[in-house]
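What follows is a set of notes on a single structure, which appears directly below.
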């Protein structure tokens, strides 16, 4: 009976489960006292979406992290291994064919040990139907299992031949049952036993799927301050393995006290915990400790450790420690030759996290990257997309031999990369978008990704789900691809998507509090209005809709030198590329406000997207005018007007 319940029960079947007349056990009776607890543990309806085929690098990463965290670990609670192992097929079948439902839990657990070596030798996994009776017996008697038997059985199962999926026949029933038992028993266990059990679940390759790891992380957060360095490190390892919940601030607060006692490899495990859970490190002291530890160990740090730390520092946007980050990057420059291409890629990507770049780093990494780009075992498709990201963001050409942009363009078209373009479908659109910043377009691949069925299958149905890179490529076709004959976004979809992808133009009477960025835009609008003679002589609209902020359009008569009222925009709708009215006597200006996120940090150099915008505005007939925050925001009102007047040639 229990087996059927574990296999088919779903959250909305809880009442049936609790009221079932034929179910009687201390565990089930206890559950009826706390229905919410039962719902929390959820007897494993098959709702997991993760693939059983994990990324090879991630496996290496976790194996390496496990060795660091558990280098001195030995399971302390296992049962004695029986001496009378099953050694023949006849004996194996005879043992498993018994009616195990009427047996006691001691004999059931012992039998898993007795047949283990035979199964390993003959490649027999638990999904084999000959295990059905034994699994039935375990399911019916699992509430009687002792702690040592439970832990020993978990470690024993981890040594069996692997199954195809965590959903496999018998295997799913066994681990679901044991998972719930562990969740019920954890309240009675000390920290040592709790972590011993957690390690067993990792060994079973179920750390991402079982509820026990979640329960351990959740319960331990309440006493994070009392954890030793080793215990806290274990928690970060399991956060990395589980991935489905963010790092609790209690853990980060505890980490701040212990981080300086950790070596660089241990910090790497911590970094994995943050990055894999998509959690930013909020405390500056921790960010700085990581960067300084890399500086101290730059010549000896392991590749995987460095990659993890670089990932999380970039993700955490460490603007408050930029000088330390720059020192760290400089210190790693001599190590580029020994580091893997993946690590070097993340070293280059570090620039995107601090909005400034090191030319030496980008040049050397790019040259190494382009040298190996044809090696699909070393350079993945998404690595190509990442390198294009950082180079296009800063509009930087590293002058590699061969040219890295051409090499990337050619590589993404190769048939050897076809499987990767399917697997990393989102990366394909991003890569094409980054190439478009360099005015490089692939009509063949754009035709593929702009197909409506393709968009629905990759991103989902609906304008809200359409990503900016797809929208941007479609808009760029109108400007820079006159010979393109392939698929396009339907006008209705494009119109709706533009509503999601553009930002409102701020006003003084808006209900939402004005931000610093809003004030910069309003100051610019006021200055332009004063210079041109009023609001009727300017037009605010999304003339390039693939950029989120609207531009201020001003029109000047080249004969009289006076500003005239802009005309011709009534024929356009949101989402259209708005070409200016054609008249040789008119000069059209498009005024764009560049905030602090639109320029290289501490400079007035526009980022790559705005270099592209400048180019595209010129192509459709506008004179681009950039109002740069660092030049404009601290000016007096009169000086702001003078600034705009000079830019428009009206001074």
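In the UniProt record's numbering, the protein residues as written are 1 to 651. Every residue gets a Cβ at the ideal spot worked out from N, C-alpha and C, and that includes glycine. Remember, it's a predicted structure, so these values are computed and weren't measured experimentally.
- [ ] Output the boundary residues of the alpha helix (DSSP H) element that contains residue 639.
- [x] Counting along the chain, the alpha helix (DSSP H) containing residue 639 begins and ends at 637-647.
- [ ] Please specify which runs of the beta strand (DSSP E), each continuous and at least 3 residues long, are wholly inside the segment 424-456, giving them in chain order.
- [x] Here no run is fully enclosed.
Open item on the list: Check whether the segment 110-119 and the segment 153-166 are in contact - that is, three or more C-beta pairs closer than 8 Å.
Closed with: The segment 110-119 is in contact with the segment 153-166.
Open item on the list: Within the continuous alpha helix (DSSP H) that includes residue 491, where are the two ends?
Closed with: Residue 491 -> alpha helix (DSSP H) spans 491-501.
Task: Whole alpha helix (DSSP H) elements within the segment 363-423, 4-residue minimum - done: Complete alpha helix (DSSP H) runs here, min 4: 381-393, 404-411, 418-423.
Task: Sub-8 Å separation of residue 197 and residue 235 beta-carbons - done: No; because the gap between Cβ atoms is not below 8 Å, this pair is not in contact.
Open item on the list: Suppose you measure from the CA of residue 453 to the CA of residue 571; what does that come to, to the nearest Å?
Closed with: In this structure, the straight-line span from the alpha carbon of residue 453 to that of residue 571 is close to 30 Å.
Open item on the list: If contact is defined by three or more beta carbon pairs under 8 Å, each pair taking one atom from either stretch, is the segment 94-108 in contact with the segment 128-137?
Closed with: Yes, they touch.
- [ ] Report buried or exposed for residue 360, applying the criterion of at least 16 other Cβ atoms within 10 angstroms of its Cβ.
- [x] Residue 360 counts as exposed, since fewer than 16 other beta carbons sit within 10 angstroms of its beta carbon.
TODO: Report yes or no: do the segment 313-322 and the segment 277-293 share at least 3 C-beta pairs separated by less than 8 Å?
DONE: Yes, since at least three Cβ pairs between the segment 313-322 and the segment 277-293 fall closer than 8 Å, the two stretches touch.
- [ ] Could you spell out the range, first to last residue, of the alpha helix (DSSP H) harbouring residue 330?
- [x] Start and end: 322-332.
- [ ] Give the range of the beta strand (DSSP E) segment to which residue 652 is assigned.
- [x] Beyond the ends of the chain as shown, which are 1 and 651, falls residue 652; an answer cannot be given.
- [ ] Taking the CB atoms as reference points, tell me whether residue 522 and residue 506 lie closer together than 8 Å.
- [x] Yes; because the gap between Cβ atoms is below 8 Å, this pair is in contact.
Open item on the list: Under 8 Å: do the segment 552-567 and the segment 476-492 share three or more Cβ pairs, one atom per stretch?
Closed with: Output reads no: the segment 476-492 does not touch the segment 552-567.
Task: Proximity below 8 Å, CB of residue 425 to CB of residue 373 - done: For the pair residue 425 and residue 373, the CB atoms are not nearer than the 8 Å cut-off.
Open item on the list: Applying the 10 Å Cβ sphere with the 16-neighbour rule, what's the burial state of residue 412?
Closed with: Buried, because 16 or more other Cβ atoms sit within 10 Å of the Cβ of residue 412.
- [ ] Take the Cβ of residue 636 as the centre, count every other Cβ of all protein chains shown within 10 Å, and call the residue buried at 16 or more, exposed below.
- [x] Under this definition residue 636 is an exposed residue.
TODO: Check each candidate in 483, 442, 495 and name the one with the smallest Cα separation from residue 466.
DONE: The residue from 483, 442, 495 with its alpha-carbon nearest to that of residue 466 is 495.
TODO: Have a look at the DSSP bridge pairing and note the partners of residue 556.
DONE: Paired residue(s): 563, 587.
Open item on the list: In this structure, how does DSSP classify residue 169 when only helix, strand and coil are distinguished?
Closed with: Residue 169 sits in coil when the DSSP states are folded into three classes, being neither helix nor strand.
TODO: State the DSSP-derived secondary structure class of residue 539, mapped to helix, strand or coil.
DONE: The DSSP-derived three-state label of residue 539 is strand.
Task: Through-space distance from residue 631 to residue 547, alpha-carbon basis - done: Annotation: residue 547 to residue 631 spans about 22 Å, alpha carbon to alpha carbon.
Task: Alpha-carbon spacing of residue 379 relative to residue 586, whole angstroms - done: Counting only the Cα atoms, residue 586 lies some 51 Å from residue 379.
Open item on the list: Here's the rule: buried if 16 or more other CB atoms are within 10 angstroms of the residue's CB, otherwise exposed. What is residue 515?
Closed with: Per the 10 Å Cβ criterion, exposed.
Open item on the list: Taking 8 Å as the threshold (C-beta atoms), are residue 622 and residue 730 in contact?
Closed with: This structure does not reach residue 730, given that the chain is present from 1 up to 651, and the question cannot be answered.
TODO: Using 10 angstroms around the beta-carbon of residue 61, count the other beta-carbons present and answer buried if the total reaches 16, otherwise exposed.
DONE: Buried: at least 16 other Cβ atoms inside 10 Å.
Task: Status (buried if at least 16 other CB within 10 Å, exposed otherwise) for residue 299 - done: Under this definition residue 299 is an exposed residue.
Task: Rounded separation between residue 350 and residue 392 - CA only - done: Going from the Cα of residue 350 to the Cα of residue 392 covers about 14 Å.
Open item on the list: I want to see whether chain B comes within less than 8 Å of residue 501, judged by CB atoms only; does it?
Closed with: As a matter of chain content, chain B is missing from the structure shown, which is built from one protein chain.
Open item on the list: Classify residue 560: buried if its beta carbon has 16 or more other beta carbons within 10 angstroms, exposed otherwise.
Closed with: Exposed is the call here.
Task: Exposed unless 16 or more other CB atoms sit within 10 angstroms - verdict on residue 85 - done: Residue 85 is exposed by the Cβ-count criterion.
- [ ] Return the residue from the list 323, 472, 503, 118 that minimises the CA-CA distance to residue 612.
- [x] Closest option to residue 612, Cα to Cα, is 472.
Open item on the list: Buried or exposed, going by whether 16 or more other CB atoms sit within 10 Å of the CB of residue 268?
Closed with: So residue 268 ends up on the buried side.
Task: Residue closest to residue 414, alpha-carbon to alpha-carbon, out of 320, 381, 71, 541 - done: If we check each option's Cα against that of residue 414, 381 comes out closest.
Open item on the list: One question on the structure: do residue 659 and residue 400 come within less than 8 Å of each other, judged by their Cβ atoms?
Closed with: Residue numbering for the chain in the displayed model covers 1 to 651; residue 659 lies beyond these limits and cannot be assessed.
Task: Inter-residue spacing [alpha-carbon to alpha-carbon] between residue 90 and residue 247 - done: Residue 90 and residue 247: Cα-Cα distance of roughly 51 Å.
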